[in-house]
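Numbering (my numbering), first residue to last: 1 to 347.
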């Protein structure tokens, strides 16, 4: 740390991304990226944008917003586009949070964004089975942030329970982070027209194969979107590049491809869950493109390290309550078979 860093940032603990080692070729099952590439139409759309790179991208992201509005049955003015949903999560916290409330085991960036923005926060412990008790989420004056489905557990709240949280906090913003919703969750987007305090974020990184493109969107009532755009235009009006915008539009124009690959991931998720249970693993029911599992035959960290030695990356968290678990991204069936084979050899 240099002597020039402002004091307000000196205690900041940054988010730790999933490792991306370059020392050898790995089967990457640690960062919840898609194992499928975008369809050919997306590749072509990106190529067609190359000559336009001399110009700024569209700050309004008009075409992409219109396509999203059509798919999600909302008004285009109820959508803002971001460089991945992480940027949007930060904008929402910057704009509306005096204090935050979120689960103790969830996406690690919420705490980081709170610290960056000097917003105090409270964490609510998950239940023994890692579920959320919605009755505990009544916090007047405090923004509530829920990842649904949750990460790293993979457990989803029903739309009825999400609505209960929104109704119980009429004077506070409730932000639902739906990064994994397309793998078995219920989206809260239909509730946006009903509740003025609801903000929903989604991403193209998981179900739409574009983690490297950095593209996300937020859906909320028009007044909230205007507030968020005030911040965006004050910080980074050209926040999404032209090729990414074109890729996003082409992806949405090929939703059948997206849905078919999501179904394949769900099928492989059930296959892996069954395979691990057969060799003595406890697997938490998942509504995401990953599973959270443990076994009493080997500690979580030891399994993670042993798999890495065999060229397979999974994610391990050192938090006491979940240190026995590993999080495993669902990939193609060949990778799932390689994982199970390696685990059998290890244990």
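Note that beta-carbon positions come from the ideal geometry of N, C-alpha and C, so glycine has one too.
Which same chain residues, not among the five before or five after residue 78, have their C-beta less than 7 Å away from its C-beta? For the purposes of this step, residue 78 is taken as the residue at position 78 of the chain shown. Only 192, 219, 220, 221, 222 and 225 meet the Cβ criterion.
Using 8 Å as the Cβ pair cut-off and three pairs as the minimum, do the segment 79-94 and the segment 271-286 touch? no
What residues are listed by DSSP as bridge partners for residue 103? In the chain shown, the residue the question calls residue 103 occupies position 103. Answer is 124.
Could you tell me if residue 42 is buried or exposed, where buried requires 16 or more neighbouring beta carbons within 10 angstroms of its beta carbon? Numbered from its first residue, the chain shown carries residue 42 at position 42. Buried, by the Cβ-count rule.
Determine, using beta carbons only, whether residue 298 and residue 347 come nearer to each other than 7 Å. By 1-based counting over the chain shown, the position of residue 298 is 298. By 1-based counting over the chain shown, the position of residue 347 is 347. In contact: residue 298 and residue 347 (Cβ atoms closer than 7 Å).
What first and last residue would you give for the alpha helix (DSSP H) that runs through residue 112? As a position in the chain shown, residue 112 is number 112, starting the count at 1. 109-116 is the span of the alpha helix (DSSP H), which, as asked, contains residue 112.
Helix, strand or coil, according to DSSP, for residue 79 in the structure here? For the purposes of this step, residue 79 is identified with residue 79 of the chain shown, where counting begins at 1. Residue 79 falls in the strand class under three-state DSSP.
Can you give the Cα-Cα distance for residue 109 and residue 160, rounded to whole angstroms? Along the chain shown, one-based indexing puts residue 109 at 109. Along the chain shown, one-based indexing puts residue 160 at 160. For residue 109 and residue 160, the distance between alpha carbons rounds to 26 Å.
Roughly how many angstroms separate the alpha carbons of residue 138 and residue 100, rounded to a whole number? On the chain shown, residue 138 is found 138 positions in, with the first residue counted as 1. On the chain shown, residue 100 is found 100 positions in, with the first residue counted as 1. Taking the straight line from one Cα to the other gives about 12 Å.
Using only CA atoms, which one of 339, 250, 314 and 179 lies nearest to residue 47? Looking up residue 47 in the chain shown gives position 47. Ranking 339, 250, 314 and 179 by Cα distance to residue 47 puts 250 first.
Thinking C-alpha only, which one of 288, 181 and 142 is nearest residue 267? To locate residue 267, count along the chain shown from 1; it is residue 267. Selected option, being the one with the closest Cα: 288.
Is DSSP giving residue 74 helix, strand or coil here? Position 74 of the chain shown holds residue 74. In the structure shown, residue 74 sits in coil (DSSP, three-state: anything other than H, G, I, E or B).
Is it buried or exposed, residue 25, if we count other Cβ atoms within 10 angstroms and call 16 or more buried? Residue numbering aside, residue 25 sits at position 25 when the chain shown is read from its first letter. Classification of residue 25: exposed, given that the 10 Å Cβ count is below 16.
Who pairs with residue 282 in a beta bridge, going by DSSP? For this step, residue 282 is matched to residue 282 along the chain shown. Answer is 294.
Give the straight-line distance between the Cα atoms of residue 81 and residue 317, rounded to the nearest whole angstrom. For the purposes of this step, residue 81 is taken as residue 81 along the chain shown, with counting starting at 1. For the purposes of this step, residue 317 is taken as residue 317 along the chain shown, with counting starting at 1. The alpha-carbon atoms of residue 81 and residue 317 are separated by roughly 31 Å.
Who are the near neighbours of residue 55 in its chain, counting only those whose CB is closer than 8 Å to its CB and skipping five residues on each side? Counting from 1 along the chain shown, the entry for residue 55 is found at position 55. Result list for residue 55: 242, in chain order.
Simplified DSSP assignment, three categories, for residue 251: For this step, residue 251 is matched to residue 251 along the chain shown. Of the three classes helix, strand and coil, the one that applies to residue 251 here is helix, per DSSP.
So, does the segment 269-276 touch the segment 122-139, judging by three or more C-beta pairs under 8 Å? no
Straight-line gap, residue 156 to residue 307 (C-alpha atoms, nearest Å): Translated into the one-based positions of the chain shown, residue 156 becomes position 156. Translated into the one-based positions of the chain shown, residue 307 becomes position 307. Taking the straight line joining both Cα atoms gives about 28 Å.
For residue 125, I'd like the list of residues in its chain whose CB is within less than 7 Å of its CB, leaving aside the five on either flank, ordered along the chain. Locating residue 125 in the chain shown gives position 125, where the first residue counts as 1. Excluding sequence neighbours, residue 125 sits near 104.
Output the boundary residues of the beta strand (DSSP E) element that contains residue 218. For this step, residue 218 is matched to residue 218 along the chain shown. Run containing residue 218: 216-220, per the beta strand (DSSP E) assignment.
Using 8 Å as the cut-off, can you tell me whether the segment 169-187 makes contact with the segment 141-154, which would need three or more C-beta pairs spanning the two stretches below that distance? yes
If residue 57 and residue 245 are in contact, beta carbons under 8 Å, what's the gap, nearest whole angstrom? Counting from 1 along the chain shown, the entry for residue 57 is found at position 57. Counting from 1 along the chain shown, the entry for residue 245 is found at position 245. Residue 57 to residue 245, Cβ: 6 Å. Contact.
Helix, strand or coil for residue 308? Go by DSSP, reduced to three states. For the purposes of this step, residue 308 is identified with residue 308 of the chain shown, where counting begins at 1. Here residue 308 sits in helix by DSSP.
Name the one or two DSSP bridge partners that residue 202 has. In the chain shown, counting from the first residue as 1, residue 202 sits at position 202. Its beta-bridge partners are 217.
Looking only at C-alpha atoms, which of 258, 264, 315 and 265 sits nearest to residue 19? Taking the chain shown and counting its residues from 1, the one referred to as residue 19 is at position 19. If we check each option's Cα against that of residue 19, 315 comes out closest.
Assigned secondary structure, residue 259 (DSSP; H/G/I helix, E/B strand, else coil): Within the chain shown, the letter at position 259 stands for residue 259. If DSSP states are grouped into helix, strand and coil, residue 259 belongs with the helices.
Hey, could you find the ends of the beta strand (DSSP E) residue 144 is sitting in? The residue labelled residue 144 in the question sits at position 144 within the chain shown. Here the beta strand (DSSP E) through residue 144 covers 143-147.
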